[in-house]
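Going line by line, the protein sequences match chains A and B. For the first sequence, the numbering used here assigns the number 1 to the initial residue and increments by one for each residue that follows. For the second sequence, the numbering used here assigns the number 384 to the initial residue and increments by one for each residue that follows. Quick reminder that beta carbons are idealized off the backbone N, C-alpha and C, glycines included. Below is one structure, written out as structure tokens; comments come after it.
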Amino acid sequence: MDTANRHVIHLDLDTFFVSVERLLNSKLIGKPVIIGGTSDRGVVSSCSYEARQFGASSGMPMKLARTLCRDAIIVRGDMEMYSKYSKMVTEIVAERAPLFEKASIDEHYIDITGMDRFFGCLKWTQELRKSIIDNTGLPISFGLSPNKTVSKIATGEAKPNGLLEITGERVKPFLDPLSIKKIPGIGDKTYQTLRSMGISNIHTLSQIPMEMMERVLGKNGNMIWKKANGIDNTPVIAYHERLSIGTENTFEQDTIDISFMRQILTGMVEKVCFQLRKKQKLTSCITVKIRYSNFDTHTLQKQIAYTSLDHVILAVVKDLFERLYQRRMLIRLIGVRLSGLVHGVQQLDLFEESPQLIRLYQALDRLRIRYGSDAVHRAITTI
Amino acid sequence: MKFIVSSIQLLKSLQAISGVLNSSNTLPILDDFLFKLNEESLVITASDLETTMTVTVPLNQAEEPGSITVPAKKLLETLKTFPDLPLTFIINEETQSIEISTGEGKYKLTGHSADEFPKIPELENTASIQMASGVIATAINRTLFAAGNDDLRPVMCGVFCQLSPEDVIFVATDAHKLVRYTRKDTQSAEVASFILPKKPLNQIKGLLSHIDESVTIEYNQTNAAFTFSNIKLVCRLIDGKYPNYDAVIPKVNPNVLTIERLPFLSSLRRVAIFANQSTNQVRLKISGQELVLSSEDIDYANEAKERLTCNYLGDDLEIGFNSKFLLEMVNNLDTDEIKLEMSEPNRAGILLPVNAESSDEDVLMLVMPVMLAS
């Protein structure tokens, strides 16, 4: 493939978690917002530009962030909600882009090589960006260049809520004056090593002989040198959705009735396990979620051996719920999610499951396939 | 303490017992070998608290009996580099300094007091049985692979030994596969049973393959000791009740597949490559005198299908297995032909050798299928 004439976009949602929270609660707009664990031991997972001005940054201990930025509004965050918005963005990208990679919850790479002949890359990108902003209401920044690294650096420069195109011949002039810290892959340690060598901007770094870089930084040196010279041949790898099956239920009225919630959980497990077996999948990770009446959301998960049997999963779900529901407070939502799915069917156990039990499972599943998934269920789930 | 020993002989003896040492220990003393010097021999011990191995090394020359512990890793590394030459050990028990000298070199290291080393368990109220080394080695080889790793089911992390006046039975299972190995040519005066953990079995498996002699096994409620050549191994038994394995072996298995082992093995290996790499499931479809092996990995659109001729008695049947289990078992048998006995797609399949050479031994391997959608 002609590597010089590629067109790769990097798109990054600005302060993604904060933007989602602001979408749901307009009072947060224009104020310093920090998202992360609310306890003293929690860490900051995202913060708004207003909070960054005070020195808060993601990855910082919450206690420190709170002292730096006293007026910050601290939000516990809801990964489920963020995933939902992230998925919305991914769907819009998938609809239009020929080849894209989801690098993280708020980052995508798109390879639009060849698009220039029809629409013009920049125009196409602008249209995509507008469509994402119109449809989700989330601010997003783009970088467009011949490769992933330069695009990512360009996005960083374009932020917040901007767009930057770096064409092939402008790569060097663009990179040269920037600090070496902007290169993805240079962390604190490498940065200090390079600074102690007197290197501060990318131009100097790109002038160092590659052999010397390898000697100082090992294998990584080669890669960093290439990046400094605007060379990055890594392809955009098509993205596969990580599969999971789940369900959740928001109660009409918040409740503290534990036996009622156990009933609901049992029904949920029956439902998702049947889906699992119907699709011939096995799960290796179970997540239980509860949301208290004040919208505080907690999840707990457990890794298990591959399974698709109700009674095995139900035991784990009940145990997780028991450990999760610690505060005597009204609950407004509970949910169960099975992830780490693989294609396959249940491995039978010599001692745990009797042949009768297996036949019971198969008979029940046959009934559900024929008469619908609600055809038969445990008596306890009848409310 | 002072003694002279051949470097090769010392290295060989240490290597025989060094497998017991863990790479990381909570007790630093367990990183050491215990040296105990008698009038004419050196007794070396390695331990991980659960398993303790002792080897006796004959000496040409020994003075001032005593004991000390020696850092195992350093000693082994040093010995590996020597050609065969006599080494003189001079040990000061008070300062715990160990001085090794060869003709040209002199090496010093510091040990610990022998008192700190955990005591070797003395077995009381024991019963004992004699077994040929070959019998034990084969029994371990046949069964050990089937034992489990699940800490939640500790009894399955070992090999169950059942002694009786008629025969000796070894059983291992991880709840998905099971092996029962019976020796009719070995008997015990008493009826007894115990569960041996995997680690000591792995240790003696290696050692017994080189020798041909009788091994004495002493056991009581909590420990077992194996004595052979110049080596003694004492291990703690796994505490708990072994599952009733006999009850889960299906007795009526009308569907019998007989097939040549090696062609089946190589087909299975090939087909398994195309199965999902986390679940490794393969499907066996048997109709008439034909076996079709198939697998698929939907995520990558991989698919394999092979047809094999076989000898089959019974109803047409479709059954799924984890190919890893099946491969391990077929690999572990050594007859030209094997038999797979089955009753239904949801019940265990039984693998048996056909025309085994020896009538003194009997192997039964059992593998649980996967729940194929009906």
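Legend entry - CB contact flag (LEU178(A), ILE208(A), <7 angstroms): In this structure, ILE208(A) does not lie closer than 7 angstroms to LEU178(A) by Cβ.
Inset, instruction - Spatial neighbours of PRO752(B) within its chain, please: CB distance less than 7 angstroms, with the 5 preceding and 5 following residues excluded, ordered by chain position. - result: If you ignore the 5 residues before and after PRO752(B), its C-beta comes within less than 7 angstroms of the C-beta of ILE702, GLY703, PHE704, PRO728, ASN729, GLY732, all in its own chain and listed in chain order.
Inset, instruction - Identify each residue in the stretch 665-691 of chain B for which the Cβ-Cβ distance to at least one residue of chain A is less than 9 angstroms, and report them in chain order. - result: Within the stretch 665-691 of chain B, GLU679, ASP680, ILE681, ASP682 place their CB atoms closer than 9 angstroms to a CB of chain A, listed in sequence order.
Legend entry - Spatially closest choice to VAL354(B) from PHE543(B), ALA658(B), PRO637(B), ILE587(B), by CA coordinates: Limits of chain B in this structure are 384 at one end and 757 at the other, which puts residue 354(B) out of reach.
Inset, instruction - Determine the DSSP secondary structure at ILE264(A), reduced to helix, strand or coil. - result: Reduced to three states, the DSSP call for ILE264(A) is helix.
Inset, instruction - Report the three-state DSSP secondary structure of SER496(B) (helix, strand or coil). - result: Of the three classes helix, strand and coil, the one that applies to SER496(B) here is coil, per DSSP.
Inset, instruction - Determine the extent of the beta strand (DSSP E) in which LEU178(A) is found, giving its start and end residues. - result: Element bounds for LEU178(A): n/a, residue is neither H nor E.
Legend entry - CB contact below 7 angstroms: VAL440(B) versus chain A: Not one chain A Cβ lies under 7 angstroms of VAL440(B).
Inset, instruction - Below 7 angstroms CB to CB, which residues in the same chain sit around GLN301(A) once its five sequence neighbours on both sides are set aside? - result: Close CB contacts of GLN301(A) within its chain, under the 7 angstroms cut and outside five residues either way in sequence, are with CYS285, ILE286, THR287 (chain order).
Inset, instruction - Pull up the DSSP beta-bridge partners for SER741(B), would you. - result: The partner list for SER741(B) (beta bridge, DSSP) is empty, contrary to what the question assumes.
Legend entry - Sequence-distant residues of its chain with Cβ nearer than 8 angstroms to PHE321(A) (five each side left out): Cβ-Cβ distances below 8 angstroms link PHE321(A) to MET261, ARG262, LEU265, VAL288, ILE290, ILE334 in the same chain, with the five nearest sequence neighbours on each side left out; the list follows chain order.
Inset, instruction - Would you be able to state if there are at least three C-beta pairs under 8 angstroms between the stretch 709-720 of chain B and the stretch 732-743 of chain B? - result: As far as the Cβ criterion goes, the stretch 732-743 of chain B touches the stretch 709-720 of chain B, which means the pair count is three or higher.
Inset, instruction - To the nearest angstrom, report how far apart SER389(B) and THR461(B) are at their CA atoms. - result: The straight-line gap from Cα to Cα measures roughly 13 angstroms.
Legend entry - Residue range of the beta strand (DSSP E) that includes THR193(A): No beta strand (DSSP E) contains THR193(A), which is instead part of the alpha helix (DSSP H) from 188-196.
Legend entry - Whole-angstrom distance between GLU573(B) and SER511(B), CA atom to CA atom: Using only the alpha carbons, I get a separation of about 9 angstroms.
Inset, instruction - For the stretch 165-179 of chain A and the stretch 129-147 of chain A, state whether three or more C-beta atom pairs, one from each stretch, are separated by less than 8 angstroms. - result: Flag = yes, the stretch 165-179 of chain A and the stretch 129-147 of chain A touch.
Inset, instruction - Residues of the stretch 330-363 of chain A with a CB closer than 8 angstroms to any CB of chain B: list them in chain order, please. - result: Here the close residues are VAL342, HIS343, GLY344, VAL345, GLN346, GLN347, LEU348, ASP349, LEU350, PHE351, GLU352, PRO355, ILE358, ARG359, TYR361, GLN362.
Legend entry - Buried versus exposed, by CB contacts within 10 Å (16 or more), VAL376(A): With fewer than 16 other Cβ atoms within 10 Å, it is exposed.
Legend entry - Chain-ordered residues of the stretch 703-716 of chain B with a beta carbon less than 7 angstroms from chain A: Within the stretch 703-716 of chain B, the residues whose Cβ lies closer than 7 angstroms to some Cβ of chain A are GLY703, ASN705, listed in chain order.
Legend entry - Bounding residues of the alpha helix (DSSP H) (the contiguous stretch that carries LEU348(A)): No alpha helix (DSSP H) contains LEU348(A), which DSSP labels as neither H nor E.
Legend entry - Extent of the continuous beta strand (DSSP E) to which TYR602(B) belongs: From DSSP, the beta strand (DSSP E) with TYR602(B) extends over 597-602.
Inset, instruction - Starting from LEU13(A), find everything on chain B with Cβ-Cβ shorter than 8 angstroms and list it in chain order. - result: Close partners of LEU13(A) in chain B (Cβ separation under 8 angstroms) are lacking, with about 28 angstroms as the shortest Cβ gap.
Inset, instruction - Could you tell me whether the Cβ atoms of ALA497(B) and SER430(B) are closer together than 7 angstroms? - result: In this structure, ALA497(B) lies away from SER430(B), with their beta-carbon atoms at least 7 angstroms apart.
Legend entry - Counted within 10 angstroms of its Cβ, other Cβ atoms place LEU591(B) as buried (16 or more) or exposed: LEU591(B) should be labelled buried.
Inset, instruction - Tell me whether SER354(A) sits in a helix, a strand or coil according to DSSP, three-state version. - result: Here SER354(A) sits in coil by DSSP.
Legend entry - Contacts that MET748(B) makes with chain A (C-beta to C-beta distance below 8 angstroms): What MET748(B) touches in chain A: nothing, since even the nearest Cβ is about 12 angstroms away.
Legend entry - First and last residue of the uninterrupted alpha helix (DSSP H) at SER650(B): Here the alpha helix (DSSP H) through SER650(B) covers 644-656.
Legend entry - Within 7 angstroms, strictly: CB atoms of LYS581(B) and ILE473(B): A distance of 7 angstroms or more separates the beta carbons of LYS581(B) and ILE473(B).
Legend entry - Given ASP699(B) as reference, the closest of LEU506(B), SER401(B), VAL675(B) once Cα atoms are compared: Checked all of LEU506(B), SER401(B), VAL675(B); the closest Cα to ASP699(B) is VAL675(B).
Legend entry - Segment contact, 8 angstroms Cβ cut-off, at least three pairs: the stretch 453-460 of chain B with the stretch 388-406 of chain B: The answer is yes - the stretch 388-406 of chain B touches the stretch 453-460 of chain B, with three or more Cβ pairs under 8 angstroms.
Inset, instruction - Could you tell me whether the Cβ of THR526(B) comes closer than 7 angstroms to any Cβ of chain A? - result: The beta-carbon of THR526(B) is placed no less than 7 angstroms from the nearest beta-carbon of chain A.
Legend entry - Straight-line Cα distance separating PHE119(A) from ARG96(A): Taking the straight line from one Cα to the other gives about 13 angstroms.
Inset, instruction - Starting from the beta carbon of ARG730(B), find every residue of chain A whose beta carbon is closer than 7 angstroms, and list them in chain order. - result: Annotation: Cβ neighbours of ARG730(B) in chain A (cutoff 7 angstroms, chain order): PRO355.
Inset, instruction - Can you grab the Cα-Cα spacing for the pair PHE577(B) / PHE543(B), in whole Å? - result: Distance between the alpha carbons of PHE577(B) and PHE543(B) is about 6 angstroms.
Inset, instruction - Specify, as a first and last residue, the run of the beta strand (DSSP E) that GLN207(A) falls within. - result: Here GLN207(A) belongs to no beta strand (DSSP E); instead the alpha helix (DSSP H) covers 202-207.
Inset, instruction - Please compile the residues from chain B whose C-beta is within a distance smaller than 9 angstroms of the C-beta of TYR306(A). - result: Within chain B, the C-beta atoms nearer than 9 angstroms to that of TYR306(A) come from SER661, THR662, in chain order.
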